[in-house]
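Shown next, in structure tokens, is the structure this report addresses.
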Amino acid sequence: MREGGDAGMHRDAGAADGAVQDLLRTLNAEQRLAVEHDIGEADPRALLVIAGAGSGKTNALAHRVAHLVRHGADPESILALTFSRRAAAEMTRRVERIVAADPAARGRGAAAGLAWAGTFHAIGARLLREFAPRIGLDASFTIHDREDSADLLNLVRHDLGLAATEKRFPAKGTALAIYSRAVNGRVPLADVLAQAFPWCATWEDELKRLFGAYVDAKQRQQVLDYDDLLLYWAQMAGEPALAAELGARFRHVLVDEYQDTNRLQASILLALKPDGNGLTVVGDDAQAIYSFRGATVRNILEFPTLFPRGARVVTLARNYRSTAPILAASNAVIALATQRYAKDLWTVRNGGAAPRLVTVADESAQARYVAQQVLAQRESGVRLQSQAVLFRAAHHSAQLELELARRNIPFVKFGGLKFLEAAHVKDVLACLRWTENGRDRVAGFRVLQLMPGVGPRIAARALDSGLAAADPHAAIAAYRAPPAAAEDWARLAAMIQAVRAGSTPWPAQLEVVRRWYEPHLERRHDHPEIRRADLLQLEAIAATYPTRERFLTELSLDPPGATSDEAGAPLLDDDYLVLSTIHSAKGQEWTAVYVLNAVDGCLPSDLATGSPEQVDEERRLLYVAMTRARDQLEILVPHRFYVHGQSSQGDRHVLAQRSRFIPASICDRFEQLAWPPPQLDDEGRPVAEGQPKVDLNARVRAMWR
27 MREGGDAGMH RDAGAADGAV QDLLRTLNAE QRLAVEHDIG EADPRALLVI
77 AGAGSGKTNA LAHRVAHLVR HGADPESILA LTFSRRAAAE MTRRVERIVA
127 ADPAARGRGA AAGLAWAGTF HAIGARLLRE FAPRIGLDAS FTIHDREDSA
177 DLLNLVRHDL GLAATEKRFP AKGTALAIYS RAVNGRVPLA DVLAQAFPWC
227 ATWEDELKRL FGAYVDAKQR QQVLDYDDLL LYWAQMAGEP ALAAELGARF
277 RHVLVDEYQD TNRLQASILL ALKPDGNGLT VVGDDAQAIY SFRGATVRNI
327 LEFPTLFPRG ARVVTLARNY RSTAPILAAS NAVIALATQR YAKDLWTVRN
377 GGAAPRLVTV ADESAQARYV AQQVLAQRES GVRLQSQAVL FRAAHHSAQL
427 ELELARRNIP FVKFGGLKFL EAAHVKDVLA CLRWTENGRD RVAGFRVLQL
477 MPGVGPRIAA RALDSGLAAA DPHAAIAAYR APPAAAEDWA RLAAMIQAVR
527 AGSTPWPAQL EVVRRWYEPH LERRHDHPEI RRADLLQLEA IAATYPTRER
577 FLTELSLDPP GATSDEAGAP LLDDDYLVLS TIHSAKGQEW TAVYVLNAVD
627 GCLPSDLATG SPEQVDEERR LLYVAMTRAR DQLEILVPHR FYVHGQSSQG
677 DRHVLAQRSR FIPASICDRF EQLAWPPPQL DDEGRPVAEG QPKVDLNARV
727 RAMWR
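Residues 27 to 731, numbered by the working numbering, are exactly what the sequence shown covers, in order.
Structure representation (structure tokens):
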């Protein structure tokens, strides 16, 4: 006890209480209600926070974590689950800042941050490695990303003879999508085929055989795929003793973006906290837009019904981002959804212009209008980086990209090629994965074929000899390589030995791999200097991880969305416009937002209107796009599209209709205009765009003068 006895303790407690009250005063009434939920109550229950767009949910969640720590929760007993590594890091930073201002929380050791904050998949991987000896796994398992999983599935598909059928059998990507949807949605294969892949329904028996063989191959090679991290965690949580152990370890479980969870993730949470005690989930049903990944809005809609005592529901409706006119239009769009938690976002930012609903002639005019407005905003002081153009599908921006290039407007596009999808980056990561797990056939298959003179047949024979040996790496090193590859084969064996021996510390091991790979990079790829810069950037990323295993795990589970996520914008300019699919824009905000192609067929997509649930999700996509805007929102409606010859009718123009999500009944929330404004002749009559104004009457009269 510190000198001063009880009186000193009371003074400290009073000061701490004052500090906490100051911190809580930064929250609005609803946020504070969520933060203080069930603190000190004898019979706590689950908490559902319905957090509207821009309502400060991350701030409220971080304050709740800090408040739990201050009231006695051990930071090691708090499990915080997010959907991106960046979101987990941001939550941890905020908790640390709050704790730094709270003497009582600092005294409980919370300054070190949250040990168990991360994505579902990353936390699952950590738990599976820890419990591996008790659940039949080898703790050195490696993790396949989506492309590697598809490659392994394809190898199995060929081994079973399913690639040589007379009728079209599902390709590897389609087969993996079917498998993933069945696993994550906990849906029988027959139902997945009937609902989402009807053309594959006749292959049900063959697909079952394929998936069984795929699972066998993964287990032999000691690899898990992305879906296995949730599947094995859910299976582990299904064992009562293990579930009780995990539930006791994590007294408090907090989940961000709960509307993006799938059935498997929901089952894990329910197994850990069957009575809801200590469970907090935060999300917005109006932003549930990832059903193609297996997420279901039903999780958040049904959450209060899952527990004996129900759940407390707190709604955060105050928006700190957008102006009142933008929110009025956004509220009107989402109010037409068939099922939702009722809420109307509001703000004290009552000024600002109404969002614009701009009708243009076609995609070319749309591109010219957006480019013109972007430059006008820049001249008025809004940086390009504070502006974004959003669209339903990546190809919707093609015409705009040409116009931006013509006007020398730099841009970065999100929703295209991912950083880790680049071939040279995958080559190096495959080398690392193979050194981590010599039984990883997909990684080994890729690495061996980097060498001249080694094709699929030689690589397969070498890997088979390795898999049959007690030490796969030693067997590969001893394998008699073809003469053309003998020298490179020896270098490969030396590189693997150097990395595995431990004489080279992490992250310098990645440099060893890169130096081995560089001759193959120069031989196999154009512009090797540009690609080498990517590999150096990969080394910089690796330096932020404590071990090779942690690096491979985290990067496979939560890769950068684009090169610019980790390396900065791939531009010489210090400013650039953001182009993004709506899915990639979720969670972001900009001063000015332009939404392309708000017409039926694009938004909603004509491929996503087969059921009321799909239509509602497309409506939520438009809502998400609209609520990214702080001060200016413009929604573009092309009147016609130019369709290239996809039928006997050849190239032609087709007329488009404004999106069904903006019916006439809510158009009064928008400023409506046509662009360009119609030209008028001398008598005030409209002249079509590009048509010269000619007074033929005067010419005819002049003929007789």
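Glycine included, every Cβ here is placed at the ideal spot set by N, Cα and C.
Residue range of the beta strand (DSSP E) that includes residue i
i, result
"V374", "Per DSSP, V374 belongs to no beta strand (DSSP E) and is neither H nor E."
"P664", "A655 to P664"
"Q413", "Q413 to F417"
"T168", "T168 to H170"
"A72", "A72 to A77"
Outcome for residue i when other beta-carbon atoms lying within 10 angstroms are tallied against a minimum of 16
i, result
"G304", "buried"
"N623", "buried"
"T589", "For T589, the predicted model reports a pLDDT of 34, less than 50, meaning its position is unreliable; a value from the coordinates is still stated below. Buried, by the Cβ-count rule."
"K299", "buried"
"H670", "Because the pLDDT at H670 is just 45, under 50, the model does not fix this residue reliably, and the point stays unresolved."
"N463", "buried"
"V650", "buried"
"A724", "exposed"
"A33", "Residue confidence for A33 is low, a pLDDT of 34 falling below 50, so the modelled location carries little weight and cannot support an answer."
"L598", "Residue confidence for L598 is low, a pLDDT of 45 falling below 50, so the modelled location carries little weight; the figure read from the coordinates is stated next. That one is exposed."
"R549", "exposed"
"T331", "exposed"
"S674", "Summary for S674: the model assigns pLDDT 45, below 50, so the residue's position carries little reliability, and this model does not support an answer."
"H278", "buried"
Beta-carbon spacing of residue i, residue j below 8 Å
i, j, result
"Q425", "V604", "no"
"V468", "D177", "yes"
"A501", "G492", "yes"
"A312", "R246", "no"
"F223", "L105", "no"
"D370", "A79", "no"
"G211", "G320", "yes"
"T349", "D657", "yes"
"T617", "V408", "yes"
"G302", "R324", "no"
"L163", "L153", "no"
"F667", "E389", "yes"
"W701", "A456", "no"
Alpha helix (DSSP H) segment containing residue i, residue limits
i, result
"G238", "E230 to Q247"
"A201", "K198 to G211"
"I326", "R324 to E328"
"T84", "K83 to R96"
"E427", "A424 to R432"
"E122", "R111 to A126"
"R646", "P638 to M652"
"G470", "R467 to L474"
"S606", "S606 -> not in any alpha helix (DSSP H); beta strand (DSSP E) instead, spanning L603 to T607."
"E56", "A55 to V61"
"E548", "A534 to R550"
"Y258", "Y252 to A263"
"I315", "From DSSP, I315 is part of no alpha helix (DSSP H); its letter is neither H nor E."
"L298", "R289 to L298"
"F146", "F146 to I161"
"Y395", "E389 to E405"
Selection from the options that minimises the alpha carbon distance to residue i
i, options, result
"A72", "A79, D64 and I169", "D64"
"V281", "T145, P638, W532 and F667", "T145"
"F696", "T573, R684, A724 and R382", "R382"
"W142", "A115, M521, P159 and Q698", "A115"
"A393", "F687, P664 and Q614", "P664"
"T570", "N85, T84, R111 and V61", "R111"
"P436", "Q411, E447 and L455", "Q411"
"V249", "L179, V213 and A189", "L179"
"V307", "L74, L648, A263 and R684", "L74"
"L327", "A368, L342, V359 and A361", "A368"
"H151", "N434, F333 and L255", "Looking at the sequence itself, residue 151 is Ala, so the reference to His does not match. Measuring from the Cα of A151, the nearest candidate turns out to be L255."
"R123", "E405, A77 and L140", "L140"
"P531", "D490, R574 and A270", "R574"
Residue i Cβ short of 7 Å to the ligand FAD heavy atom set
i, result
"D388", "The ligand FAD is not part of the structure shown, which contains no ligands of any sort."
The stretch 477-488 / the stretch 629-643 touching (three or more Cβ pairs under 8 Å): Touching, no, given that fewer than three Cβ pairs across the two stretches are closer than 8 Å.
At least three beta-carbon pairs within less than 8 Å, the stretch 368-387 to the stretch 400-417: The stretch 368-387 vs the stretch 400-417: no contact.
At least three beta-carbon pairs within less than 8 Å, the stretch 560-575 to the stretch 451-459: The stretch 560-575 makes contact with the stretch 451-459: 3 or more CB pairs, one atom from each, lie closer than 8 Å.
Given 8 Å, three or more beta-carbon pairs between the stretch 87-99 and the stretch 337-357: With a cut-off of 8 Å, the stretch 337-357 and the stretch 87-99 do not count as touching, because too few Cβ pairs lie within range.
The stretch 181-189 touching the stretch 227-240, judged by at least three CB pairs closer than 8 Å: With a cut-off of 8 Å on Cβ pairs, the stretch 181-189 is in contact with the stretch 227-240, counting three or more such pairs.
Meets three-Cβ-pair contact criterion under 8 Å: the stretch 610-626 and the stretch 198-205: The stretch 610-626 is not in contact with the stretch 198-205.
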